[in-house]
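S.K.: In the numbering used here, the protein residues as written are 337 to 471.
Ideal Cβ placement from N, Cα and C applies to all residues, glycine included.
All values reported here derive from a predicted model rather than from experimental measurement.
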């Protein structure tokens with residue numbers, strides 16, 4: 337099992353670019369609110385999954401409805417990419433480096449995989465802040 341904390345840190349480090357004024361300094365141009373929109377969507381789903389787990393304590397897989405909602409997260413992420421205008425799409429770069437679309441696809445209704453994905457998103461937000469991501 338891969339270390340999601342290390343993976344998140346590596347993804348955030350990989351989107352740093354040289355500062356336009358000081359080329360020795362690396363900066364993250366992606367704004368926090370651009371990541372938080374994804375985090376918010378994930379947190380809404382996490383709450384639904386938590387309720388499902390309470391009602392179905394033995395379950396290892398999510399029901400079809402929740403699986404579809406998680407799959408729809410890919411659409412939400414794609415929309416966030418599409419909203420970004422200009423030749424340098426920072427959201428696209430972030431999503432690709434963090435491998436978010438594939439990670440969502442690989443959840444496959446597995447509760448543990450979804451919980452792991454949630455922690456990964458939280459780690460991405462934390463490392464974005466830690467490495468000086470824009471507000």
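1. Between the alpha carbons of residue 343 and residue 449, how many angstroms are there, rounded?
2. Hey, how far is the Cα of residue 356 from the Cα of residue 430?
3. Buried or exposed: where does residue 459 fall if 16 or more other Cβ atoms within 10 Å of its Cβ makes it buried?
4. Leaving out five residues on either side along the sequence, give the residues of the same chain with a beta carbon under 8 Å from the beta carbon of residue 378.
5. Can you check DSSP and say which residues form a bridge with residue 397?
6. Under 8 Å by Cβ, that's how I've got residue 416 and residue 370 pegged, so tell me the actual separation to the nearest angstrom.
M.R.: Straight from the coordinates:
1. Locating residue 343 in the chain shown gives position 7, counting from the first residue. Locating residue 449 in the chain shown gives position 113, counting from the first residue. So the alpha carbons of these two residues sit roughly 15 Å apart.
2. Translated into the one-based positions of the chain shown, residue 356 becomes position 20. Translated into the one-based positions of the chain shown, residue 430 becomes position 94. About 19 Å.
3. Residue mapping note: residue 459 aligns to position 123 of the chain shown, counting from 1. The residue is buried, with at least 16 neighbouring Cβ atoms inside 10 Å.
4. Counting from 1 along the chain shown, the entry for residue 378 is found at position 42. Contacts found: 409, 453, 454, 457.
5. Residue 397 sits at position 61 when you count from the first residue of the chain shown. Note: residue 397 sits in a beta bridge opposite 446.
6. The residue given as residue 416 occupies position 80 in the chain shown. The residue given as residue 370 occupies position 34 in the chain shown. Yes, they are in contact, since the Cβ atoms of residue 416 and residue 370 sit about 7 Å apart, within 8 Å.
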